[in-house]
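These notes are about the structure you will find just below.
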Amino acid sequence: MKYKKQKRYQQPTSKFKSKLEEVFNDFLEQNEISFGYEDFKISYLKPEKPSKYTPDFNCPIKDNLKIIFETKGQFLTSDRRKHLQIKQQYPDLDIRFVFSNSKNKIGKKSKTTYAKWCELKGFQYHCIQSTKKFLPDEWVKQIKKLQEA
Numbered sequence: 010m011k012y013k014k015q016k017r018y019q020q021p022t023s024k025f026k027s028k029l030e031e032v033f034n035d036f037l038e039q040n041e042i043s044f045g046y047e048d049f050k051i052s053y054l055k056p057e058k059p060s061k062y063t064p065d066f067n068c069p070i071k072d073n074l075k076i077i078f079e080t081k082g083q084f085l086t087s088d089r090r091k092h093l094q095i096k097q098q099y100p101d102l103d104i105r106f107v108f109s110n111s112k113n114k115i116g117k118k119s120k121t122t123y124a125k126w127c128e129l130k131g132f133q134y135h136c137i138q139s140t141k142k143f144l145p146d147e148w149v150k151q152i153k154k155l156q157e158a
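Numbering (the numbering used here), first residue to last: 10 to 158.
Rendered as structure tokens:
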């Protein structure tokens, strides 16, 4: 007879849900970019069901506007569906994806990469693996310029 090993509760060592979120947070801090981490929610409707979306990072720029960064190692179908619904309901939100690797395929049998999906759906994205940077220099300059204004 086999016994299941009981899982012990482990105290989280970080407030972040992934290592990518943690290192992205450090990058924003090192570049002296003002930001919030999961500090507000966006209400949206799934078909027939009210829901909430909590962005990973948001950089306030002006007049209550924000640039939202969603850090993704995996980009699941549910994530893609959610972001399409949010984009449809809030077309003026500036949501940008920061992928560990944007060349990953959205599914085992799909030829579509995370990058291609973003291009097809009108989202800006950045790939950490191919650039070795957490954000493109242009985005950092843009954010800093808008936060100074």
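Ideal Cβ positions, reconstructed from N, Cα and C, are used throughout, including at glycine.
- Using 10 angstroms around the beta-carbon of residue 40, count the other beta-carbons present and answer buried if the total reaches 16, otherwise exposed. Indexing the sequence shown from 1 puts residue 40 at position 31. An exposed status is given to residue 40, since fewer than 16 other beta-carbon atoms sit within 10 Å of its beta-carbon.
- Query: Should the segment 21 to 37 be regarded as contacting the segment 75 to 86, the criterion being three or more beta carbon pairs within less than 8 Å?
  - Reply: Pairwise C-beta distances place the segment 21 to 37 in contact with the segment 75 to 86, as three or more of them are shorter than 8 Å.
- Distance, Cα to Cα, residue 89 vs residue 154? As a first step, residue 89 must be located in the sequence shown, where it is residue number 80. As a first step, residue 154 must be located in the sequence shown, where it is residue number 145. Their backbone Cα atoms lie some 30 Å apart in a straight line.
- Message: Rounded to whole angstroms, what is the Cα-Cα separation between residue 123 and residue 138?
- Response: Working through the sequence shown from its first residue, we reach residue 123 at position 114. Working through the sequence shown from its first residue, we reach residue 138 at position 129. Taking the straight line from one Cα to the other gives about 13 Å.
- Euclidean distance between Cα positions of residue 65 and residue 147: Taking the first residue of the sequence shown as 1, we reach residue 65 at position 56. Taking the first residue of the sequence shown as 1, we reach residue 147 at position 138. Each residue's Cα considered, the two are about 21 Å apart.
- At which residue ranges does the segment 10 to 88 contain complete beta strand (DSSP E) runs of 3 or more residues, listed in the order of the chain? Whole beta strand (DSSP E) segments, 3+ residues: 51 to 55, 58 to 62, 66 to 71 and 74 to 81.
- Query: Can you tell which of 149, 118, 130 and 119 has its C-alpha closest to the C-alpha of residue 91?
  - Reply: On the sequence shown, residue 91 is found 82 positions in, with the first residue counted as 1. Distance from the Cα of residue 91 is smallest, within the candidate group 149, 118, 130 and 119, for 130.
- Taking residue 150 as the reference, which of 43, 49 and 112 has the closest Cα? Translated into positions along the sequence shown, residue 150 becomes position 141. Nearest of 43, 49 and 112 to residue 150, Cα basis: 43.
- Going by beta carbon distance, what residues of the same chain come within less than 8 Å of residue 24, once the five residues before and after it are set aside? Along the sequence shown, one-based indexing puts residue 24 at 15. The beta carbon of residue 24 sits closer than 8 Å to those of 46, all from its chain and outside the five residues before and after it, given in chain order.
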